[in-house]
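Beneath this line is the structure, given in structure tokens, with notes to follow.
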DNA sequence: TCTACACCCTGTAGCAACTACAGGGTCAAG
DNA sequence: CTTGACCCTGTAGTTGCTACAGGGTGTAGA
């Protein structure tokens, strides 16, 4: 299988596949006579794994750890569980941050009276506490 | 005011202040004899504006637009409102994405039976649909 | 007066995770 | 025999900073 087919099968861009190889996430495949990359089932499996993990929001570093862990079948699953939990905590934090942000932004937008910029409440919110009209 | 004081007054790093100047977000200030940047009140106000907008999650490009708009006091506030609304939509999308992610991750983590990696449900979820045990 | 130290300067490289070229080579179909 | 789709390498761009390296300046204490 050439790189285009592999990329297509995993909804990945060709450049991204090469990038994963460059950073050592995907092992370098064999080459054809024309120096084209020739992938097998193991590559497809590994790239699928990477993509699913990425879809779940894991960083490439976390993916790297998960891949390493998944190679040692006899080991306890707890390390895997730990990585996933850390990631979940991170996601929860991001959601909380964004929700707070949304609240503020909602308030700011709600204050818009659609006048001129001079009276714009949004700009006013952003502007530093000015000496108020005096 | 030298750069350190300005940075301190706006909870910004010195390098970031210089970075904002480099990308044209903060106008280059006057220089002292020793070639130190000398800031005035207008710089403080502008940097405060930038920081607050950043705290609300606006991109630097959006901040740039907001700054331009805020300079034209006679203009309608609608452009400002528009930028804010686009940003809010973006935030809502991110929250939705992260919430979906959290749901999936919750489910995956919940399936962990704390056995070995060979039976790890988390790894199994990530691994491609394998021919199941046959 | 010397010197230690905090502060300032410029310029460049690094982070994540790709994406987008530029400038080539290969291969199958019409 | 040429068109077009695919492949190759290598480098630079994206966002929003951050972290040096390698210097200069200014002030306070010994």
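Residue numbers (the working numbering), protein chains in the order written: chain A, 98 to 231; chain B, 98 to 231. Backbone N, C-alpha and C fix where the C-beta goes; we use that ideal spot for every residue, glycine too.
When the alpha-carbon of residue 125 of chain B is set against those of B:99, B:175 and B:209, the nearest one is in B:99.
By the neighbour-count definition (other C-beta atoms within 10 Å, threshold 16), residue 167 of chain B is a buried residue.
A direct Cα-to-Cα measurement between residue 103 of chain A and residue 138 of chain A gives close to 10 Å. Residue contact with chain A for residue 169 of chain B: present (Cβ-Cβ distance below 8 Å to some residue of chain A). For the pair residue 209 of chain B and residue 217 of chain A, the CB atoms are not nearer than the 8 Å cut-off. By the Cβ neighbour-count rule, residue 120 of chain B is exposed, with fewer than 16 other Cβ atoms within 10 Å of its own. Looking only at B:156, B:147 and B:101, the smallest Cα-Cα distance to residue 133 of chain B is reached by B:101. When the beta-carbon positions are compared, residue 123 of chain A and residue 111 of chain A stay at least 8 Å from each other.
Taken atom to atom, the span from the alpha-carbon of residue 172 of chain B to that of residue 109 of chain A is near 45 Å. Taking each of A:180, A:202, A:118 and A:185 in turn and checking the Cα distance to residue 178 of chain B, the smallest one comes out for A:202. In the structure shown, the three-state DSSP call for residue 127 of chain A is strand.
Rounded to the nearest angstrom, the Cβ distance from residue 181 of chain A to residue 205 of chain B is 6 Å, consistent with a contact under 8 Å. For residue 120 of chain B, no alpha helix (DSSP H) run applies, since DSSP gives it neither H nor E. With a 10 Å radius around the Cβ and a threshold of 16 neighbouring Cβ atoms, residue 190 of chain A comes out exposed.
Against chain B, the CB of residue 139 of chain A has no partner CB under 8 Å away; the residue lies outside that interface.
When C-alpha distances from residue 223 of chain A are compared across B:118, B:129, B:142 and B:135, the shortest belongs to B:142. Taking the Cβ atoms as the reference, residue 154 of chain B lies roughly 5 Å from residue 198 of chain A, within the contact range of under 8 Å. A distance below 8 Å separates the beta carbons of residue 146 of chain B and residue 164 of chain B. For residue 162 of chain B, the nearest beta carbon of chain A is not closer than 8 Å to its own beta carbon.
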